[in-house]
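Written out as structure tokens, the structure is:
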């Protein structure tokens, strides 16, 4: 808890700091707004294999093409860009999408937060860790699984704000199903701005909701700033295989034309929405992503865009999606390398799992996915924390556990300290054979920052663990999230902006009827 | 269970196979005796950083030196080899150890199993996964934690024999504390030979026990074969920092002089037995390993030897060892690269954890360590399955869970299938935009081998999972290990050899009194 508390304190503007709190803040590991990678990417495939996948994706784009449904404007834009449009099917001459993308799409970009200290850079050697997204349910070990509410949503915004390893407030962390479908985006966007000062993602379920998000962002950042800078990221899922629908195209156009970032994400349950092989799946992903990413550049050349990938494998026995297994890892490694060759930032999932509980399955699967995404070189890691049950539930304890892993990933990607102090020759000289280092000068000098300290692991003796109640990890995490919510203090927020947002929402909500779709 | 059953069946010699069993075996993924790596190693450090560590290790070896305690013969051997011996302290001229090693130590070698189909190759592009080692306790969720017995030991030999992802029978899987300390090695070695036909590790707790192990192996393989081939691996822990004791040296000499493999393993709780930095720790590890590995070559040039590393980090708050955190991963990545540069096979731990239970902590930590070891390029992965509580307990459910992960690692390291079938262009042509692949010809052709199927994960719907009893992962694993033990059938074993081993043990056990040390 020390780390978390200190993280929050460090981020607050002003406020009375008594001695006790200052002392706590001072013992804290300094946090950073995103990870600066200092280790190489894991290149799972050879250049020849990657070239073959690129060639095959070009074959798919030309020969089979991509459907752009119920959006005549998009078809016209593609015709003008040189594609061969047959009905709703767009066929792309080889290399067309790539050349459009490489002409104008940024290799990296800044997404601004309302607190500039929380600005993230997406792309290059950076990794930005983002909460899970999109679940209708929440889960905790007290009350089990239930539909999510706006209270749950705000709880997770607060937890993500306080978590030192999470760099982003996310988007639809969970669906506040107690609010009307066509108005809940107001409350979600407002909650991100109000209860956090980390960057956020906008609504994509309707182009008008995307526009509402942009309009709210303008109230926070100003019209001119929003037009010239990225302050929103948005998740545009492809209807795989090889289809973009009007809903996603509508939101994509709003964000891209407002110079805001889209994450163009083939959403793949491999074996159902793509071929039942990893190479076939990643080929289709590349084809789909190329078409969507290029389309953002037709909407507004230079608009920030991220190559997204969500890949699970379907169980051939039951049809259920599976997570944390090797084939989706292969897909992530390959897709990350393809995005680097294309020259755009890359997104994949983080702590994915099919488990219903914050148990061993959840942890194995999440760790496998987190490690893969980190080593592959994901720039924008959606679903880093909280994901349960294939994305159907957002778990309170799972969120806490994953945040612990997120902080570890930051250390892992930061490389080994090869300074003279890191080499520690003098430490060995001081101690020598057969002695121990616990009280050595080098240890005393370094112990506060040496070695990552897990927030949820119990490494005490068996006897001490029994004295402490023989708790399992989920039970310890349960205590932590409650303590964090209890300790939460909102970041400072300009009252005039707050009022403007509330006023905007009231007017907009009053201008049309509630709807459940 | 299908995989496991089939694995066992496939390994059996003869026996009546009824139709049902044949059908089950036919649905099984073909297993292999070890993993052939087809992906690159993750090179965490640059060549310059690795060179710096090597230079620093040479400084430590020359300036500070290594203690060889209570073994005058070892000191004499080092003197003759050109080292500067002061009392028990051996100082090594720069490059001496490396040149001794590179002159004769094999880059890779075969460890023979009594069933030649189970022979493993250790080194190069192979990975051999080995059960956990050395715990005094066992744990299951029915009876909790208790002292291990020879029954537990044999149970784990049987489980490792049946597990398709485990390539080796291991050594002291758990300590059979119901047997006298000075005689239990007979029963452990015998149990490996009797209840498994995978390769095994020998006793190292006394040079006479090492010799007993070699003598038993000679009864199985023949004297001449053992002298010319590796049939045993043995774990020689360094008393870090920078000390070899007489017990370990005694066993090392027995194994090396009999041409059997040693794993020379600095045993490091970083911050206590090594400097509190990763770079300092790996420097000390390299120095210690160089001295011990070179010593095996003084004992018998050409004796097979493995560069071992066991690195946990000590919690600076409590002094407890911690696992699955980033710094030990950094150490493994660096040490694996140093072993490659030295030209000897590398060993590290696998599914390490400090957790007392087969819960989320256990799984996160194990997955982080397993992924790291696999990607770093570990050739001999000790502690792949079963480890709990910092090695104090061998867990039945944890073993089953880790075996599932071991099988996944095999797929991950085997690379992506880039064949025409893997590329799957025709599958996309067949299905096209907006359709699904579930019934496509390509899917039907590939579904049996497509995508790893976890043995312990539950990916069913929430409702189906409730119908099935709302079990967590540990509860499902509990069912699996009991089923496996119930289904176990021993591999064929030559009765004459069996009798010779029993006779040898009886004579040796009768020749000296029981002792508890």
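Chains as they are written, first to last, in full-length UniProt numbering: chain A, 1 to 517; chain B, 1 to 517. We put the CB at the ideal spot given by N, CA and C, even for glycine.
Checklist entry - Shorter than 9 Å from the beta carbon of residue 387/A to some beta carbon of chain B? => result Reading the first chain from its first residue, position 387 is the one you call residue 387/A. By this cut-off, residue 387/A is not an interface position.
Item to check | CA-to-CA distance, residue 137/B to residue 147/B, given in whole angstroms | outcome: Residue numbering aside, residue 147/B sits at position 147 when the second chain is read from its first letter. Residue numbering aside, residue 137/B sits at position 137 when the second chain is read from its first letter. Rounded to the nearest whole angstrom, the CA to CA distance from residue 147/B to residue 137/B is 4 Å.
Next on the checklist: Just to confirm before moving on: does the CB-CB distance between residue 113/B and residue 170/B stay below 9 Å?
Outcome noted: Numbered from 1 along the second chain, position 113 holds the residue referred to as residue 113/B. Numbered from 1 along the second chain, position 170 holds the residue referred to as residue 170/B. Residue 113/B places its beta carbon 9 Å or farther from that of residue 170/B.
Checklist entry - Can you give the Cα-Cα distance for residue 514/A and residue 205/A, rounded to whole angstroms? => result Looking up residue 514/A in the first chain gives position 514. Looking up residue 205/A in the first chain gives position 205. Looking at the two C-alpha atoms, the distance is approximately 15 Å.
Checklist entry - Going along the chain, which residues of its own chain have a beta-carbon closer than 7 Å to the beta-carbon of residue 186/B, five neighbours each way excluded? => result Within the second chain, residue 186/B is the residue found at index 186, counting from 1. Cβ contact annotation for residue 186/B (same chain, cutoff 7 Å, sequence separation greater than five): 212, 505, 508 and 509, in chain order.
Checklist entry - Where does the unbroken alpha helix (DSSP H) through residue 502/B begin, and where does it stop? => result Sequence index remark: in the second chain, residue 502/B carries index 502 (1-based). 495-510 is the extent of the alpha helix (DSSP H) around residue 502/B.
Next on the checklist: When you compare the CB positions of residue 380/A and residue 168/A, do they come within less than 9 Å of one another, or not?
Outcome noted: What you label residue 380/A is simply residue 380 of the first chain in a count that begins at 1. What you label residue 168/A is simply residue 168 of the first chain in a count that begins at 1. Their beta carbons are under 9 Å apart, which means residue 380/A touches residue 168/A by this criterion.
Item to check | Neighbour-count burial assignment, residue 103/B, 16 or more Cβ in a 10 Å radius | outcome: Residue 103/B sits at position 103 when you count from the first residue of the second chain. Around the beta carbon of residue 103/B, fewer than 16 other beta carbons lie within 10 angstroms, which makes this residue exposed.
Item to check | Identity of the residue in 108/A, 412/A, 130/A and 159/A nearest residue 122/A by Cα | outcome: By one-based count along the first chain, residue 122/A stands at place 122. Residue 122/A has its Cα closest to that of 108/A, out of 108/A, 412/A, 130/A and 159/A.
Item to check | Contacting positions in the segment 53-71 of chain B - beta carbon closer than 7 Å to chain D | outcome: Protein chains A and B are contained in the structure displayed, whereas chain D is not.
Item to check | Residue-level contact to chain A via CB, residue 76/B, 9 Å cutoff | outcome: Within the second chain, the letter at position 76 stands for residue 76/B. Not one chain A Cβ lies under 9 Å of residue 76/B.
Checklist entry - Roughly how many whole angstroms lie between the Cα atoms of residue 526/B and residue 377/A? => result Chain B is shown from 1 up to 517; residue 526/B falls before or after that span and cannot be answered.
Checklist entry - Along the chain, where does the alpha helix (DSSP H) that runs through residue 333/B open and close? => result As a working mapping, residue 333/B is identified with position 333 in the second chain. Residues 326-342.
Item to check | Contact check, residue 271/B vs residue 238/B, beta carbons under 9 Å | outcome: Reading the second chain from its first residue, position 271 is the one you call residue 271/B. Reading the second chain from its first residue, position 238 is the one you call residue 238/B. No.
Checklist entry - Would residue 111/A be called buried (16 or more neighbouring beta carbons within 10 Å of its own) or exposed? => result Stepping through the first chain from its first residue, residue 111/A is reached at position 111. Buried is the call here.
Next on the checklist: Is there a C-beta anywhere in chain A that falls below 9 Å from the one on residue 415/B?
Outcome noted: Along the second chain, one-based indexing puts residue 415/B at 415. Contact of residue 415/B with chain A is assigned, a C-beta pair being separated by under 9 Å.
Item to check | Anticipated Cβ contact below 8 Å, residue 274/B with residue 241/B, distance rounded | outcome: Taking the first residue of the second chain as 1, we reach residue 274/B at position 274. Taking the first residue of the second chain as 1, we reach residue 241/B at position 241. Yes, they are in contact, since the Cβ atoms of residue 274/B and residue 241/B sit about 6 Å apart, within 8 Å.
Item to check | Any C-beta of chain B under 9 Å from that of residue 162/A | outcome: For the purposes of this step, residue 162/A is taken as the residue at position 162 of the first chain. Judged by the 9 Å Cβ criterion, residue 162/A is not in contact with chain B.
Item to check | Contact list for residue 108/B against chain A, beta-carbon separation under 8 Å | outcome: Translated into the one-based positions of the second chain, residue 108/B becomes position 108. Residues of chain A passing the Cβ test: none, with the nearest at roughly 23 Å.
Next on the checklist: Tell me the rounded alpha-carbon separation between residue 94/B and residue 162/A.
Outcome noted: Taking the first residue of the second chain as 1, we reach residue 94/B at position 94. Taking the first residue of the first chain as 1, we reach residue 162/A at position 162. Distance between the alpha carbons of residue 94/B and residue 162/A: 51 Å.
Checklist entry - CA-CA distance, residue 28/A and residue 324/B? => result By one-based count along the first chain, residue 28/A stands at place 28. By one-based count along the second chain, residue 324/B stands at place 324. Caution is warranted here: a pLDDT of 34 is assigned to residue 28/A, below 50, making its placement in the model unreliable, and the coordinate value is therefore given only provisionally. Just so you know, the alpha carbons of residue 28/A and residue 324/B end up roughly 21 Å apart.
Item to check | chain A contact for residue 473/B (CB, 9 Å cutoff) | outcome: For the purposes of this step, residue 473/B is taken as residue 473 along the second chain, with counting starting at 1. By this cut-off, residue 473/B is an interface position.
Checklist entry - Would DSSP call residue 309/B helix, strand or coil? => result Here residue 309/B refers to the residue found at position 309 of the second chain. Of the three classes helix, strand and coil, the one that applies to residue 309/B here is coil, per DSSP.
Checklist entry - Does the beta carbon of residue 356/B sit closer than 9 Å to a beta carbon anywhere in chain A? => result The residue you call residue 356/B lines up with position 356 of the second chain. For residue 356/B, the answer is yes, since a Cβ of chain A falls inside 9 Å of its Cβ.
Checklist entry - Is DSSP giving residue 81/A helix, strand or coil here? => result Within the first chain, the letter at position 81 stands for residue 81/A. In the structure shown, residue 81/A falls within a helical segment according to DSSP collapsed to helix, strand and coil.
Checklist entry - Would a C-beta distance cut-off of 9 Å place residue 91/A and residue 395/A closer than the cut-off? => result As a first step, residue 91/A must be located in the first chain, where it is residue number 91. As a first step, residue 395/A must be located in the first chain, where it is residue number 395. Not a contact, by the Cβ cut-off of 9 Å.
Item to check | Residues that residue 465/B contacts on chain A, provided the C-beta gap is smaller than 7 Å | outcome: Taking the second chain and counting its residues from 1, the one referred to as residue 465/B is at position 465. The answer, in chain order, is 356.
Item to check | 6 Å CB neighbourhood of residue 100/A in its chain, flanking five on each side removed | outcome: Here residue 100/A is taken as the residue at index 100 of the first chain, counted from 1. Counting only residues of its own chain and dropping the five nearest sequence neighbours on each side, residue 100/A has a CB closer than 6 Å to the CB of 294 and 297.
Checklist entry - Where does the unbroken alpha helix (DSSP H) through residue 56/B begin, and where does it stop? => result Your numbering for residue 56/B matches position 56 in the second chain. Counting along the chain, the alpha helix (DSSP H) containing residue 56/B begins and ends at 47-59.
Checklist entry - So is residue 470/B buried or exposed if we call it buried at 16+ other beta carbons inside 10 Å? => result As a first step, residue 470/B must be located in the second chain, where it is residue number 470. Exposed, because fewer than 16 other Cβ atoms sit within 10 Å of the Cβ of residue 470/B.
Item to check | Beta-carbon spacing of residue 358/B, residue 360/A below 9 Å | outcome: Position 358 of the second chain, counted from the start, is the residue given in the question as residue 358/B. Position 360 of the first chain, counted from the start, is the residue given in the question as residue 360/A. In this structure, the beta-carbon distance from residue 358/B to residue 360/A falls below 9 Å.
Next on the checklist: So if DSSP puts residue 201/B in a beta bridge, which residue, or which two residues, is it bridged to?
Outcome noted: Walking along the second chain from the start, residue 201/B turns up at place 201. Per DSSP, 233/B.
Checklist entry - Would you call the segment 396-411 of chain B and the segment 471-485 of chain A touching, i.e. three or more CB-CB distances under 8 Å? => result With contact defined as three or more Cβ pairs closer than 8 Å, the segment 396-411 of chain B and the segment 471-485 of chain A are not in contact.
Checklist entry - With a CB to CB cut of under 6 Å and the five nearest residues on each side skipped, what residues in its chain are close to residue 15/B? => result Here residue 15/B refers to the residue found at position 15 when the second chain is read from its first residue. In this prediction, residue 15/B scores a pLDDT of 36, lower than 50, which makes its location untrustworthy; no coordinate-derived value is stated.
Item to check | Cross-chain neighbours of residue 39/B in chain A, by beta carbon under 7 Å | outcome: If you number the second chain from 1, residue 39/B lands on position 39. Result: 44.
Next on the checklist: By the three-class DSSP mapping on this structure, what secondary structure does residue 186/A have?
Outcome noted: Taking the first residue of the first chain as position 1, residue 186/A is located at position 186. DSSP places residue 186/A in helix when its eight states are reduced to three.
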